[in-house]
Amino acid sequence: MARAATLGLAALGVLGALVSGRHQGEPSGDEPPIWERIDLPSVAACGGCHLEVYREWSQSLHAKAWTNANVRAATEDFAQAACRPCHSPLPVLPRGLGKPPAYRAFNQDDGVHCLSCHGMEGGVAAARTLEAPCKPRYEPRFLEADSCYPCHEPTHDAFTEYETSDAFAVGVRCVDCHMQPAPDRPGRSHGPSGGMNAAFVERALAWDVRVADGVLVVELRNRTGHKFPGEIPSRSFVLSVRFDDAEPQRTLLRKPHKGEEREDDRLLPDETRALRFPVPDGARAADVRLLFLPLPLLRDDQGFELGRRALELGR
Ligand code: HEC
Ligand code: HEC
Ligand code: HEC
Ligand code: HEC
Ligand code: HEC
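For the sequence shown, the working numbering begins at 945 and goes up steadily by one.
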């Protein structure tokens, strides 16, 4: 704790000079303290004292919600006003979690920044109340899955899916999966925990392969709290089965793009699905691969391999 504060104050000295040219940590005049300054980017408002959390967050898509190329293209560089609020949001707690967020019309490049989630009146929302400069305050709403609701439900139906899942039934929250304990410090990781992180995606499936009566059966079970692949339409799952040296047979599961005539064939929450491949006469070996393609137009060999099994079929 002492270490965090010392490090933080040292770093803030530098940042403070950059940001306002005056010594940080102590508000002067009627300006609010730095950690309440919604007009400052995350690095200046929080990053100086919470260096590790800041570093993790800056790798995540929350940090890139305004700048990433997919979003820029889909929103015509945010010319579409309806797309702005969740991709550059004001704090959600003061507004109420039942409402979509309000648009932060400044400092947009900061995306979903620290105060979007933590901001509340008189301090920052936290799991406990602590004596610290930023006034962490225990906030029960912040600790519920609903704190993700205002952005993830209205256009993306995350909760409509989640509420049908076993995870929801036993009280496993979004955060319990998506913010794992940080490996190198106490607390939860704010880093990438979605389709761009291969190790994370591997958690999504349990699977098995068997051969019976001349049919190879791959059984997939969705272990996420929503459909798999989840939410983002640029992600796809590919099951590739190859007998001997034949061309691989591919089964592709993904969310349809807006306006696209395609069935939503993703795995439902907790669904177990068996995919069947008749074994060709005389086949000796099968190679089964589970692949995840985080971006459209990737070839199979550019995706993440979630699992692979080689089978001898010889009688
Ligand atoms: C001047 C330094 C400083 C600034 C700026 C600052 N914090 Fe803190 N914060 C601390 C210290 C010190 C603690 C208590 C020790 C710790 O857990 O790191 C703390 C604790 C917290 C906690 C609770 C941690 C726990 O263990 O439960 C949260 C949440 C938090 N800060 C969020 C923020 C956010 C969000 C911002 C930016 C809006 C911010 N802080 C800005 C110094 C700062
Ligand atoms: C204020 C709005 C907002 C809130 C609150 C919010 N998100 Fe997000 N989230 C977004 C946006 C916008 C994106 C998409 C960013 C992009 O890809 O451009 C996103 C992306 C994600 C991703 C993909 C991240 C990655 O790095 O791969 C995950 C996972 C996620 N959110 C989980 C959560 C969870 C869990 C919560 C609740 C603790 C939450 N979000 C709260 C707006 C929000
Ligand atoms: C209610 C909040 C909200 C609004 C409004 C919103 N988004 Fe998003 N957006 C999200 C969240 C949350 C994510 C991350 C999860 C997902 O993709 O479902 C996201 C992700 C995306 C992604 C995928 C980003 C990636 O990394 O691949 C694109 C593209 C996107 N949004 C475009 C749009 C467009 C276009 C609009 C306006 C028509 C819009 N969004 C309006 C919340 C919102
Ligand atoms: C998408 C929402 C979201 C964003 C954005 C976000 N946080 Fe958090 N933060 C959380 C949640 C949820 C927790 C964990 C609460 C719990 O323990 O259950 C948390 C925990 C923390 C803690 C306590 C220690 C820990 O790691 O668990 C600190 C400190 C903190 N956040 C600081 C920050 C800072 C600094 C930023 C910006 C760089 C930031 N947060 C961005 C949601 C967010
Ligand atoms: C039981 C664990 C679990 C729970 C609960 C869970 N998720 Fe996920 N989620 C995952 C896994 C694993 C993935 C990665 C595979 C995939 O794309 O489905 C994922 C993917 C996502 C993605 C796509 C991210 C990307 O970059 O492609 C978003 C957004 C998301 N989850 C949001 C949420 C929200 C919001 C909640 C709560 C309503 C939630 N998740 C609950 C495990 C979980």
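All C-beta atoms in this analysis are idealised placements derived from N, C-alpha and C, irrespective of residue type, glycine included. Note that the structure is predicted; figures quoted are calculated from it, not measured.
Would you tell me roughly how many angstroms separate the C-alpha atoms of residue i and residue j, rounded to the nearest one?
i	j	result
residue 1212	residue 1170	7 Å
residue 1155	residue 1161	6 Å
residue 1181	residue 1197	5 Å
residue 1244	residue 1251	13 Å
residue 1167	residue 975	48 Å
residue 1088	residue 1052	26 Å
residue 1004	residue 1140	9 Å
residue 1045	residue 1138	22 Å
residue 1023	residue 1092	25 Å
residue 990	residue 1096	24 Å
residue 1165	residue 1216	4 Å
residue 1115	residue 1041	19 Å
residue 1240	residue 1175	14 Å
residue 1083	residue 1070	6 Å
residue 1086	residue 1203	35 Å
residue 1009	residue 988	18 Å
residue 1209	residue 1199	7 Å
residue 1036	residue 1150	35 Å
residue 985	residue 1027	20 Å
residue 966	residue 1099	With a pLDDT of 41 at residue 966, under the threshold of 50, the modelled position of that residue is not reliable, and the figure given next carries that caveat. The straight-line gap from Cα to Cα measures roughly 42 Å.
residue 1127	residue 1147	17 Å
The alpha helix (DSSP H) that contains residue i, what's its start and end?
i	result
residue 1034	Here residue 1034 belongs to no alpha helix (DSSP H), and DSSP marks it neither H nor E.
residue 1060	1058-1062
residue 1094	1093-1096
residue 1266	Since the first residue of the chain shown is 945 and the last is 1259, residue 1266 is not available in this structure.
residue 1144	1142-1145
residue 1153	From DSSP, residue 1153 is part of no alpha helix (DSSP H) but of the beta strand (DSSP E) over 1149-1156.
residue 1113	1110-1113
residue 1185	Where residue 1185 is concerned, there is no enclosing alpha helix (DSSP H), although the beta strand (DSSP E) it sits in stretches over 1180-1187.
So, at 6 Å on beta carbons, what are the nonlocal neighbours of residue i in its own chain, with the 5 sequence-adjacent residues on each side left out?
i	result
residue 1078	979 and 1068
residue 1001	1007 and 1134
residue 1108	1213
residue 1195	1183 and 1219
For the beta strand (DSSP E) containing residue i, list its first residue and its last residue.
i	result
residue 1230	1229-1237
residue 1137	That residue, residue 1137, is in no beta strand (DSSP E); it is neither H nor E in DSSP.
residue 1015	Per DSSP, residue 1015 belongs to no beta strand (DSSP E); it is in the alpha helix (DSSP H), 1013-1018.
residue 1082	1080-1082
residue 1105	Element bounds for residue 1105: not the beta strand (DSSP E) but the alpha helix (DSSP H), 1102-1106.
residue 985	Neither: residue 985 is in no beta strand (DSSP E) and is coded neither H nor E.
residue 1164	1159-1166
residue 1069	1067-1070
residue 1218	1216-1222
Hey, would you say the C-beta of residue i is under 6 Å away from at least one heavy atom of ligand 5?
i	result
residue 1036	no
residue 1045	no
residue 978	no
residue 982	no
Under the criterion of a Cβ to heavy atom distance below 6 Å, does residue i qualify as lining ligand 4?
i	result
residue 1058	yes
Take residue i and list the residues in its own chain whose beta-carbon comes closer than 8 Å to its own, dropping the five residues that flank it on each side.
i	result
residue 1235	1181, 1182, 1183, 1184, 1244, 1247, 1248, 1249 and 1250
residue 1012	1005
Using a threshold of 6 Å, is the CB atom of residue i nearer than that to any non-hydrogen atom of ligand 2?
i	result
residue 1131	no
residue 1004	yes
residue 1140	yes
residue 1092	yes
residue 1078	no
At a cut-off of 6 Å, is residue i close to ligand 3 when judged by its beta-carbon and the heavy atoms of the ligand?
i	result
residue 1019	yes
Report all residues from its chain with a CB closer than 7 Å to the CB of residue i; omit the five preceding and five following residues, and keep chain order.
i	result
residue 970	Here residue 970 scores only 48 on pLDDT, less than 50, and its place in the model should not be relied on; the value that follows carries that caveat. Hits under 7 Å: none found.
residue 1253	1153 and 1232
residue 1242	none
Examine the Cβ distances between the region 980-991 and the region 1052-1063 and report whether three or more of them are shorter than 8 Å.
-> yes
Specify whether the region 991-1001 and the region 1011-1021 touch according to this definition: at least 3 beta carbon pairs, one from each stretch, less than 8 Å apart.
-> no
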